[in-house]
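In the numbering used here, the protein residues as written are 179 to 333.
Beta carbons are placed, not taken as given, at the ideal position from N, Cα and C, and that holds for glycine.
Nothing here was measured: the structure is a model prediction, and the numbers come from that model.
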Amino acid sequence: GMYFTGDGARRDEDGYYWITGRVDDVLNVSGHRLGTAEVESALVAHSKVAEAAVVGYPHDIKGQGIYVYVTLVQGEEPTDELRKELVQWVRQEIGPIASPDIIQWAQGLPKTRSGKIMRRILRKIAANEHDQLGDTSTLADPGVVDDLISGRASS
């Protein structure tokens, strides 16, 4: 028999396997299915990006929009120019359909004590559902959530 874990991977030209994330983290953008891990991988391939998390949010025209949380490498400053550069970077790496609709700068991401990003919280913040975050007591640094909520308003 077989057991399907729900994890995705790809094999590079040297034969190495790269974990790409959960296969259920798929967005439906204008009828196109797009893996969040694919967009995240493209973003972290940029020299100024330390970490990225991608979630969908309700979009009037596309159905789901692409909402990106980006943590920059130490010493890099968040600017509108860099935001535009990252959108172009993703377009070049994947294609126009993967263009982020919103890029929010994030000092940090909500993670469990074991280091797993809590995407449920990121989805709620992106959808402006701050009152429905649920249990945040298991986060390594609960203060990150407040920073992201205040950053949501300015994105």
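- Item | Assigned exposure category for E218 - 16 Cβ within 10 Å defines buried | Counting from 1 along the sequence shown, the entry for residue 218 is found at position 40. Classification of E218: buried, given that the 10 Å Cβ count is 16 or more.
- Message: Please state the DSSP three-state secondary structure of L326.
- Response: Here the question's residue 326 lines up with position 148 in the sequence shown. In the structure shown, the three-state DSSP call for L326 is helix.
- Query: Closest by CA to A284, which one among G179, I272, P274 and V251?
  - Reply: Counting from 1 along the sequence shown, the entry for residue 284 is found at position 106. Its Cα nearest to that of A284, the residue V251 stands out among G179, I272, P274 and V251.
- Message: According to DSSP, simplified to helix, strand and coil, what is D185?
- Response: In the sequence shown, counting from the first residue as 1, residue 185 sits at position 7. Looking at D185 - three-state DSSP - the assignment turns out to be strand.
- Exposed or buried, what is M296 when buried is set at 16 or more other beta-carbons lying within 10 Å of its beta-carbon? By one-based count along the sequence shown, residue 296 stands at place 118. With 16 or more other Cβ atoms within 10 Å, it is buried.
- Message: Nearest by alpha-carbon distance to D279: which of Y245, T249, L260 and K294 is it?
- Response: Your numbering for residue 279 matches position 101 in the sequence shown. Distances from the alpha-carbon of D279 to those of Y245, T249, L260 and K294 put Y245 closest.
- Which residues mark the beginning and the end of the beta strand (DSSP E) in which E191 is found? Position 13 of the sequence shown, counting from 1, holds the residue named residue 191. Unbroken run through E191: none, as it is neither H nor E.
- 8 Å Cβ cutoff met for Y235 and A318: Within the sequence shown, residue 235 is the residue found at index 57, counting from 1. Within the sequence shown, residue 318 is the residue found at index 140, counting from 1. In this structure, A318 does not lie closer than 8 Å to Y235 by Cβ.
- Contacting residues, own chain, Cβ-Cβ under 7 Å from W196 (five flanking each side not counted): Locating residue 196 in the sequence shown gives position 18, where the first residue counts as 1. Within the same chain, W196 has close Cβ partners A187, R188 and D190.
- Query: At what residue ranges does the stretch 242–302 contain a whole run of the alpha helix (DSSP H), taking only runs of 4 or more?
  - Reply: Complete alpha helix (DSSP H) runs here, min 4: 258–271.
- Message: For the beta strand (DSSP E) containing E229, name the first residue and the last one.
- Response: Numbered from its first residue, the sequence shown carries residue 229 at position 51. It spans V227 to H237 - the beta strand (DSSP E) in which E229 sits, taken as one unbroken run.
- Query: Which residue or residues does DSSP assign as beta-bridge partners of N206?
  - Reply: The residue given as residue 206 occupies position 28 in the sequence shown. Paired residue(s): R211.
- Task: Whole angstroms is fine: what's the gap from Y181's alpha carbon to E259's?
- Result: Position 3 of the sequence shown, counted from the first residue, corresponds to residue 181. Position 81 of the sequence shown, counted from the first residue, corresponds to residue 259. In this structure, the straight-line span from the alpha carbon of Y181 to that of E259 is close to 46 Å.
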